[in-house]
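For our numbering, add 1283 to where a residue sits in the sequence shown, where the first one is 1.
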Amino acid sequence: MEHFDKKAIDARVAAGFPLTDRWHNRFHLEMPFGLINDPNGLTYADGEYHIFYQWNPLGCEHKNKCWAHVRTRDFVHYSLPELSLWPSDEHDKDGCYSGCGFTEKGRVHVFYTCNAKNDGIRTPAQRFGTLQEDGSVEKGVIAVPDSPAGITGHFRDPYLFHRHGKRYFVIGAQADEQEPRGTVLIYEETKEGWKNLGELKTRLGHFGYMWECPNLLHFGAYDALIFCPQGLEAREFDRQNIYQAGYIAGHLSLDSLDMMQHSKFQELDHGFDFYAPQVFQHEGRHILLGWMGMPDKDDEYPTREKGWMFSLTLPRVLSLRQGHIYSRPARELKALRIEETAIDIDMDMEQNLTEQLFDGTEALLDLTLGKAQHISLTLAYGLETTVFSYDRTTQVMTIDRTGMKHGGRGVRRFKLFVDRMLSLQLFVDRTAVEAFFQHGEEVASMLVFPEKNIRPELRIHADAPLESVTGRLWELDSFHFTR
Ligand code: FRU
1284 MEHFDKKAID ARVAAGFPLT DRWHNRFHLE MPFGLINDPN GLTYADGEYH IFYQWNPLGC
1344 EHKNKCWAHV RTRDFVHYSL PELSLWPSDE HDKDGCYSGC GFTEKGRVHV FYTCNAKNDG
1404 IRTPAQRFGT LQEDGSVEKG VIAVPDSPAG ITGHFRDPYL FHRHGKRYFV IGAQADEQEP
1464 RGTVLIYEET KEGWKNLGEL KTRLGHFGYM WECPNLLHFG AYDALIFCPQ GLEAREFDRQ
1524 NIYQAGYIAG HLSLDSLDMM QHSKFQELDH GFDFYAPQVF QHEGRHILLG WMGMPDKDDE
1584 YPTREKGWMF SLTLPRVLSL RQGHIYSRPA RELKALRIEE TAIDIDMDME QNLTEQLFDG
1644 TEALLDLTLG KAQHISLTLA YGLETTVFSY DRTTQVMTID RTGMKHGGRG VRRFKLFVDR
1704 MLSLQLFVDR TAVEAFFQHG EEVASMLVFP EKNIRPELRI HADAPLESVT GRLWELDSFH
1764 FTR
C-alpha cells in the first residue's frame, strides 16, 4: 500500500492553483495532477455543498483511488481541493471506491466501498466515515463486510436513500451466473444491522455484465434508478460509448422489490465523455454532477502526458416529466456571466453566421428553422472542428469530433425532436463542452483538445435561409478557489 501524506499532497495541490496548463478548464472542477473520476459524497451542510470525487494523486492510472474534497456555497467559489480519504488499512488498501454522502446533526458523513484484492480476489466492504475539521474523513463502522452469496466481488458504490422514515441503500452488483449479469441490490437498516433485501427487479432482463454507481431518486410520485451498465452493444442512436450512464423511471415498491411500470432505459447524456454521475437532493432540487471522462479509454485523453486527467461536469438540476429526465445547468452558474452580447438576426437571406467566442463562453441560441432541413453548428479552432449537425427529416442530432487532431474522435448520434425551433445552451470551456438541447431534454458533454491555443469560433450554417437566430452570448468568468 502506498503512503499518502495529506499535508504534502494538499500543499502540492495548493501550489498548483491557479491551474496553468492551457488545456485546463476554467469553470470545471479539475486537479493540477493525478487522475480524477466519479463525483462522490455529495451533500449539503451549514450553507455549503460538499463535493468529493475519486482521485489518484500519485499518477494517471486507475489505481491508488482516494477521495478529494471541495466545499462551495454557490458552485462558483470553491475551497482549494484537499485529500480527504485514502487507502490506509486491510479493508481499503486497494482503493477507497465510490460512495455517497449525507449530513446528520450538522456533520458530513460518507458511505463508500473499501476495495481489497488478495490473490486476485476482491473483498468489497461498505464503510461509513465522518468528515473532520482538518478535511480528512475519519473511517467508521463497516456496514457490510463482503459481497453476499450469489454476487461476485464486483459489489460497490452504495447510495443511501430514505423511505417511510427508514434508511436504505442501493448498490451496484454483478450476479454470479454463467454469464455474469449486472444488477443492483437493496439493503435496509434494521436494529440488527444492514439487511440485504435482495435484487431490485426490473423488466430489463440481462442488461450488461455489471452495473456501477446506482442512485435511487424520488420525484414526486415517481422514482428513478440511475445506473451505469457495462457490456451493452452500441446501437444506431444510443449506447455509443464503451459504458453508459442512464436511468429507468417508474414506481419503486420496497415490498415486492420491484421497479414497477418503468420506462425504457434512457441515457442521461449523449456526449463522448460522461459517466458515473451522482445526484443529491437539496431544497427540492436534484443536483447532478458527472465525471467528464470514460473508463478504459485513457488513450483518448492527451492531458495524460501532462500528468493530469479528467474533469467534472457543471452542476445540473434534474426534473422528471413523462418518464423522461430533463437536465438544466444550475441557476448559480449565471453568476459566471461577465459580458453579454445579444444576437438577433433576421436571417431571411442568411444561411451563415459566425461568432467569435471567448476564453470561456455560454451561448443561448434559438434557431427558427424556416425552410432549412439541415443545420450545423461548428466549433472551429482554426482548421480543427467539432460539429453539431441536425437533420430535420430524420430528427437526428450528430456530434462529430473527427475534425480534431488530439484526443478522442468519432461521432455520436441521437434522436432529438425539433419542431420549428432548435434551442441550444452551450457552455464552451477550454476543453470541456456541455450542450443542452431543447431546454434540457437532451444533453451532450465532451472534451475537445485543440492543438492551437486559440479561442473558437461558432459557425452556424443552414441548407436554406433560417427564419431567425436569436440569443445571447456571454463571456464567462473562471471558478474561484480560496483556502
Ligand atoms: C466508476 C467506478 C466505480 C468505482 C470507481 C473506482 O467509474 O468504476 O464503480 O467505485 O470507479 O474509481
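Just so you know, even glycine gets a beta-carbon here, dropped at the ideal spot from N, CA and C.
| Check | Outcome |
| --- | --- |
| Exposure of ASN1401, with buried meaning 16 or more beta-carbon neighbours within 10 Å | exposed |
| Closest by C-alpha distance to THR1355, when choosing among LYS1348, PRO1497 and PRO1364 | PRO1364 |
| Continuous beta strand (DSSP E) assignments of at least 3 residues falling wholly in the segment 1634-1681 | 1635-1639, 1644-1651, 1657-1664 and 1667-1674 |
| Closer than 7 Å: PRO1578 CB and nearest the ligand FRU heavy atom | yes |
| Residue range of the alpha helix (DSSP H) that includes GLY1299 | 1289-1299 |
| For THR1596 and MET1577, the rounded distance between their alpha carbons | 13 Å |
| Cβ-Cβ separation, LYS1348 to TYR1380 (assumed contact under 8 Å), whole Å | 6 Å |
| With 16 other Cβ atoms within 10 Å as the buried cut-off, status of ASN1767 | Look at the range of the chain in this structure, 1284 to 1766, and you will see that residue 1767 is not part of it. |
| Beta-carbon contacts of GLY1768 that lie in its chain and below 7 Å, excluding the five residues immediately before and after | A question about residue 1768 goes unanswered here, because the residues of the chain that appear run from 1284 up to 1766. |
| Contact belief for GLY1299 with PHE1316 at Cβ below 8 Å, rounded distance in angstroms | 6 Å |
| Outcome for VAL1694 when other beta-carbon atoms lying within 10 angstroms are tallied against a minimum of 16 | exposed |
| Which listed residue (LYS1688, PRO1463, ARG1305 and ASP1321) has its alpha carbon closest to that of SER1594 | ASP1321 |
| Inter-residue spacing [alpha-carbon to alpha-carbon] between ARG1464 and GLN1527 | 15 Å |
| GLN1656 vs ARG1738 beta-carbon contact at 8 Å | no |
| Same chain, Cβ closer than 7 Å to GLY1330, neighbours up to 5 away in sequence not counted | ARG1356 |
| ASP1552 - DSSP class collapsed to helix/strand/coil | coil |
| Cβ neighbours of GLU1725 in the same chain (closer than 7 Å, five flanking residues each side left out) | HIS1553, PHE1697 and LEU1699 |
| THR1596 in three-state terms, based on DSSP | coil |
| beta-carbon ASP1321 near the ligand FRU non-hydrogen atom, thresh 7 Å | yes |
| Cβ pair PRO1612, ARG1599 closer than 8 Å | yes |
| LEU1443 vs PHE1385 beta-carbon contact at 8 Å | yes |
| Short Cβ contact (8 Å threshold) for GLY1436 with ARG1405 | yes |
| When GLN1337, HIS1360, SER1706 and HIS1286 are compared against ALA1618, the one with the closest alpha-carbon | HIS1360 |
| Meets three-Cβ-pair contact criterion under 8 Å: the segment 1653-1668 and the segment 1485-1498 | no |
| GLU1740 (DSSP reduced to helix, strand or coil) | strand |
| One or two residues paired with CYS1496 in a DSSP bridge | In DSSP, CYS1496 forms no bridge with anything. |
| Three-way DSSP call (helix, strand, coil) for LYS1348 in this model | coil |
| Status (buried if at least 16 other CB within 10 Å, exposed otherwise) for ALA1399 | buried |
| Residues near SER1539 by beta carbon distance below 7 Å, same chain, minus five either side | none |
| Alpha carbon of ARG1450 to alpha carbon of MET1284, nearest angstrom | 34 Å |
| Alpha-carbon spacing of ASP1581 relative to ILE1570, whole angstroms | 27 Å |
| Three-state secondary structure (DSSP) of GLU1725 | strand |
| Unbroken stretches of the alpha helix (DSSP H), 4 residues or longer, contained in the segment 1416-1491 | none |
| Selected residue, minimal CA-CA separation from MET1687, among LEU1730, THR1637, LEU1648 and GLN1337 | LEU1730 |
| Rounded Cβ spacing between ARG1248 and TRP1757 (contact assumed at less than 8 Å) | Nothing can be reported for residue 1248, as the shown portion of the chain is limited to 1284 through 1766. |
| Three-way DSSP call (helix, strand, coil) for PRO1340 in this model | coil |
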